[in-house]
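Peer 1: Questions regarding the structure given below will be posed in turn.
There are 2 protein chains.
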Amino acid sequence: MTLDSYLKKQTEKINRALEGCLPPARERPAKLHEAMREAVLSGGKRVRPILTLAACEAAGGKEEAALPAACAIELIHNYSLVHDDLPAMDDDDTRRGRAACHVKFGEETAILAGDALLTLAFNVLCRGDSSSRPNAGRILRTIHLISEAIGTRGMVGGQAVDLEFQKKEMDLPTAEYINTRKSGALIAVSARVGALVAGAAKKEEEALYRYGKFLGLLFQIVDDILDCQGYAKVIGVSESKKEALLLSQRAKKEIKIFGKKGTTLNQLADFVLNRKA
Amino acid sequence: MTLDSYLKKQTEKINRALEGCLPPARERPAKLHEAMREAVLSGGKRVRPILTLAACEAAGGKEEAALPAACAIELIHNYSLVHDDLPAMDDDDTRRGRAACHVKFGEETAILAGDALLTLAFNVLCRGDSSSRPNAGRILRTIHLISEAIGTRGMVGGQAVDLEFQKKEMDLPTAEYINTRKSGALIAVSARVGALVAGAAKKEEEALYRYGKFLGLLFQIVDDILDCQGYAKVIGVSESKKEALLLSQRAKKEIKIFGKKGTTLNQLADFVLNRKA
């Protein structure tokens, strides 16, 4: 299978699962449910959940075991977009070519929709049918790792410092702080969690975590190169491109231990390196 | 011990535990951490966590086993206050006699502080030292129940419908919808979770859940009577007072099965009925 058709297949699988997680739009409070559904189901590359599924497979697990965690991570990613777009935050009116949540549904609904998506993510993490479900201890560790990755020492911390420096000159340590946290932390944990729910050995889990960290940094640097922002602004585009290539190589090196089973993860690293949008 | 000194002792215990959960103000991102700390540590009656500890004790558990869940519930309560006070929501400038979070720290920090407190709550739920910690299955069920109680079918749903009806005439089914959800759902689950982490039998857990539901309704009705809002506006103050008395009696009836161990829960029902602020 080519990477393109693999990504298409996985995206459809994840979209079906997300559709099943979200509350129906006709149920009260209807507007809030509609806002949540539109925020999650109106597109998106699904990089993070695809990564979780791929990491689970590389570690010898079944995809179904990773599906609740993959959905939870995508719900979290979408909550962060809804809140980041708010007027008091990045003040973006559009998202994925459509009106942002707060523009279409109002600011109060966007705040609540983000809150509800984050809450739903933790709800979904507790689910899974008993046949494919990892044991309770592993699920608990998954919840713990995800909550670390998206708290003030992770994603939310990155966003806070990013907002703080939007009107200030950014120094390299700050750019690195934001890079490892704002989107990096959730991407890194996406890979690690795939290993965890697969029941992987510690060594494999740690290799996938390092792979995820490099991939997260890579993702952010490519973002910065495409937007000419953050890191690329501080060290320049040409240096950033060198750094990106290096990160993709380091990511790939980490998954050598999976041999042929790591092929998809290898291709995903190239995909992130070469993406144009 | 009188109820007053019991409440004082429990409040201090919970405040110490919350202090230990929150990230230090000097750590980056400092402003965000400061906002979180001030939102949580600047007062509050701690009704919910006190209820969790009391329910745990009534069900024969050790307080330490319930402390992480009690803290998580109080963090969630405070996240909801920070977001509810935002200009786009209830637009309140003061909270507990001080400047609201968004007034003191700015709207963007208040949004992120709420997000971070909610995230921290789930993080704290995974903690607890191994000696007092309930087994992983029980913790997972606790996380699941809490996430149900504060999602769109619970607290966030109640807030969404409340906002929707602030400019409309409220009918009785809507008042009841809001009453059971906006603050009721979190209070109800506070009691249930105490039983759960105590390792209580199903029958006891269910009795405490019903007790918590009556207490949650009671809490909201007393709120409405004090503010002359919501339910009290629809059915009148005098009818509301009758309803409140009835609810406190029904709550107390549920905990008869605990005999003398239910004394504190009994006193808490009277406390909620008779509170003046």
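Keeping their order, the protein sequence lines are chains A and B. For the first sequence, numbering that gives the first Met the number 0 begins at 0 and goes up steadily by one. For the second sequence, numbering that gives the first Met the number 0 begins at 0 and goes up steadily by one. Just so it is clear, CB atoms sit at the ideal spot from N, CA and C, and this is done for glycine as well.
(1) Count the other CB atoms, across all protein chains shown, that sit within 10 Å of the CB of B:Gln165; report buried if there are 16 or more and exposed otherwise.
(2) Which residues does DSSP list as the beta-bridge partners of B:Arg97?
(3) Taking 7 Å as the CB-CB limit, is A:Leu162 close to chain B?
(4) Less than 7 Å between C-beta atoms, sequence neighbours within five positions excluded: which residues of the same chain meet that for B:Pro67?
(5) Would you kindly work out how many angstroms separate the C-alpha atoms of B:Cys227 and A:Pro23, rounded to a whole number?
(6) Quick check on the DSSP output: what are the complete alpha helix (DSSP H) runs of length 4 or more inside the stretch 180 to 263 of chain A, in order along the chain?
(7) If distances are taken between C-alpha atoms only, which option among B:Val81, B:Val192, B:Ala120, B:Asp84 comes closest to B:Gly19?
(8) Taking 8 Å as the limit between beta carbons, can you name the residues of its chain near A:Asp114, skipping five residues before and five after?
(9) A:Val278 CB to nearest chain B CB: under 7 Å?
(10) For B:Val39 and B:Leu17, I'd like the C-alpha separation in whole angstroms.
(11) Step through the CB atoms of chain B and report whether any lies within less than 7 Å of the CB of A:Ile278.
(12) Taking the alpha-carbon positions, what's the B:Lys212 to B:Thr118 distance?
(13) Go through its chain and collect everything with a Cβ distance to A:Asn265's Cβ below 6 Å, but skip five positions before and after it.
(14) For B:Leu4, return the contacting residues in chain A, with the cut-off set at a CB-CB distance below 9 Å.
(15) Between A:Lys12, A:Arg137, A:Thr179, A:Arg249, which has its C-alpha nearest A:Gly198's C-alpha?
(16) For A:Ala183 and A:Gln219, which I take to be in contact (beta-carbon distance under 8 Å), what is that distance rounded to the nearest angstrom?
(17) Which residues, in chain order, does the stretch 173 to 190 of chain B contribute to contact with chain A at a C-beta distance below 9 Å?
(18) Just the C-alpha distance for A:Leu85 and B:Arg140, rounded to the nearest angstrom, thanks.
(19) Using a Cβ cut-off of 7 Å, pull out every chain B residue sitting near A:Asn265, in sequence order please.
(20) So what's A:Met154 in DSSP terms, helix, strand or just coil?
(21) Looking only at C-alpha atoms, which of A:Glu62, A:Asn14, A:Val188, A:Leu162 sits nearest to A:Gly42?
(22) Leaving out five residues before and five after A:His32 in sequence, what residues of the same chain have Cβ atoms less than 7 Å from its Cβ?
(23) Can you find a C-beta in chain B that's less than 7 Å from the C-beta of A:Ala65?
(24) Rounding to the nearest angstrom, what Cα-Cα distance links B:Val271 and B:Val46 in this structure?
(25) Does the stretch 57 to 74 of chain B come close enough to the stretch 180 to 195 of chain B that 3 or more CB-CB pairs lie under 8 Å?
(26) Beta-carbon of B:Ala87 versus every beta-carbon of chain A: anything under 7 Å?
(27) For A:Gln158, which residues in chain B fall below 8 Å Cβ to Cβ?
(28) Secondary structure at A:Ile72, three-state DSSP: helix, strand or coil?
(29) Would you tell me roughly how many angstroms separate the C-alpha atoms of A:Glu205 and B:Ala109, rounded to the nearest one?
(30) I need the straight-line Cα distance from A:Arg249 to A:Ala148, nearest angstrom please.
(31) Would you report the Cα separation of A:Tyr210 and B:Arg36, rounded to the nearest angstrom?
(32) Do A:Ile75 and A:Ser189 have their C-beta atoms within less than 7 Å of each other?
(33) What's the call for A:Asn178, buried or exposed, on a 16-neighbour Cβ count within 10 Å?
(34) B:Leu195 CB to nearest chain A CB: under 7 Å?
(35) Run the CB neighbour count on B:Lys7, radius 10 Å, all protein chains shown included, and call it buried at 16 or more, exposed below.
Peer 2: Let me lay it out:
(1) Residue 165 of chain B sits at position 166 when you count from the first residue of the second sequence. Flag for B:Gln165 reads exposed.
(2) Locating residue 97 of chain B in the second sequence gives position 98, where the first residue counts as 1. B:Arg97 is bridged to B:Arg94.
(3) One-based indexing of the first sequence puts residue 162 of chain A at position 163. Chain B, which has a Cβ nearer than 7 Å to the Cβ of A:Leu162, makes this yes.
(4) Here residue 67 of chain B refers to the residue found at position 68 of the second sequence. Only Val123, Leu124, Arg126, Gly127 meet the Cβ criterion.
(5) Here residue 227 of chain B corresponds to residue number 228 of the second sequence, with the count starting at 1. Here residue 23 of chain A corresponds to residue number 24 of the first sequence, with the count starting at 1. For B:Cys227 and A:Pro23, the distance between alpha carbons rounds to 34 Å.
(6) 183 to 196, 201 to 226, 229 to 234, 236 to 253
(7) For this step, residue 19 of chain B is matched to residue 20 along the second sequence. For the residues B:Val81, B:Val192, B:Ala120, B:Asp84, the minimum Cα distance to B:Gly19 belongs to B:Ala120.
(8) Reading the first sequence from its first residue, position 115 is the one you call residue 114 of chain A. Tyr78.
(9) An answer regarding residue 278 of chain A cannot be provided, because it is not within the stretch 0 to 276 covered by chain A.
(10) The residue labelled residue 39 of chain B in the question sits at position 40 within the second sequence. The residue labelled residue 17 of chain B in the question sits at position 18 within the second sequence. Going by the C-alpha atoms only, they are around 8 Å apart.
(11) Outside the displayed span of chain A (0 to 276) sits residue 278 of chain A, for which this structure offers no information.
(12) Indexing the second sequence from 1 puts residue 212 of chain B at position 213. Indexing the second sequence from 1 puts residue 118 of chain B at position 119. Roughly 25 Å separates the two Cα atoms.
(13) If you number the first sequence from 1, residue 265 of chain A lands on position 266. The answer, listed in chain order, is Lys251.
(14) Position 5 of the second sequence, counted from the start, is the residue given in the question as residue 4 of chain B. Residue identity differs from the one stated: residue 4 of chain B is Ser in this sequence, not Leu. Residues of chain A passing the Cβ test: none, with the nearest at roughly 36 Å.
(15) Stepping through the first sequence from its first residue, residue 198 of chain A is reached at position 199. The candidate whose alpha carbon is nearest that of A:Gly198 is A:Arg137.
(16) The residue labelled residue 183 of chain A in the question sits at position 184 within the first sequence. The residue labelled residue 219 of chain A in the question sits at position 220 within the first sequence. As written in the sequence, residue 183 of chain A is Gly, which differs from the Ala given in the question. Between A:Gln219 and A:Gly183 the Cβ distance is about 6 Å, and since that is below 8 Å, they are a contact.
(17) Tyr176
(18) Taking the first sequence and counting its residues from 1, the one referred to as residue 85 of chain A is at position 86. Taking the second sequence and counting its residues from 1, the one referred to as residue 140 of chain B is at position 141. Cα to Cα, A:Leu85 sits roughly 33 Å from B:Arg140.
(19) Walking along the first sequence from the start, residue 265 of chain A turns up at place 266. Those within 7 Å of A:Asn265 in chain B number zero; the least Cβ separation is about 32 Å.
(20) Locating residue 154 of chain A in the first sequence gives position 155, where the first residue counts as 1. Correct three-state label for A:Met154: helix.
(21) In the first sequence, the residue the question calls residue 42 of chain A occupies position 43. Out of A:Glu62, A:Asn14, A:Val188, A:Leu162, A:Asn14 has the C-alpha closest to the C-alpha of A:Gly42.
(22) As a working mapping, residue 32 of chain A is identified with position 33 in the first sequence. The answer, listed in chain order, is Pro22, Pro23, Ala24, Glu26.
(23) Within the first sequence, residue 65 of chain A is the residue found at index 66, counting from 1. Not one chain B Cβ lies under 7 Å of A:Ala65.
(24) Within the second sequence, the letter at position 272 stands for residue 271 of chain B. Within the second sequence, the letter at position 47 stands for residue 46 of chain B. Near 9 Å, if we compare the C-alpha coordinates of B:Val46 and B:Val271.
(25) yes
(26) The count along the second sequence starts at 1 and reaches residue 87 of chain B at position 88. True, the Cβ-Cβ gap to chain A drops below 7 Å.
(27) As a working note, residue 158 of chain A is residue 159 in the first sequence. The answer, in chain order, is Leu111.
(28) The residue given as residue 72 of chain A occupies position 73 in the first sequence. Correct three-state label for A:Ile72: helix.
(29) Looking up residue 205 of chain A in the first sequence gives position 206. Looking up residue 109 of chain B in the second sequence gives position 110. Cα-Cα distance, rounded: 35 Å.
(30) Residue 249 of chain A sits at position 250 when you count from the first residue of the first sequence. Residue 148 of chain A sits at position 149 when you count from the first residue of the first sequence. Rounded to the nearest angstrom, the two C-alpha atoms are 21 Å apart.
(31) Here the question's residue 210 of chain A lines up with position 211 in the first sequence. Here the question's residue 36 of chain B lines up with position 37 in the second sequence. Whole-angstrom Cα-Cα distance: 34 Å.
(32) The residue you call residue 75 of chain A lines up with position 76 of the first sequence. The residue you call residue 189 of chain A lines up with position 190 of the first sequence. No, Cβ-Cβ distance for A:Ile75 and A:Ser189 is not below 7 Å.
(33) Along the first sequence, one-based indexing puts residue 178 of chain A at 179. It is buried - the Cβ of A:Asn178 has at least 16 other Cβ atoms within 10 Å.
(34) Translated into the one-based positions of the second sequence, residue 195 of chain B becomes position 196. Cβ-Cβ to chain A under 7 Å: no for B:Leu195.
(35) As a first step, residue 7 of chain B must be located in the second sequence, where it is residue number 8. So B:Lys7 ends up on the exposed side.
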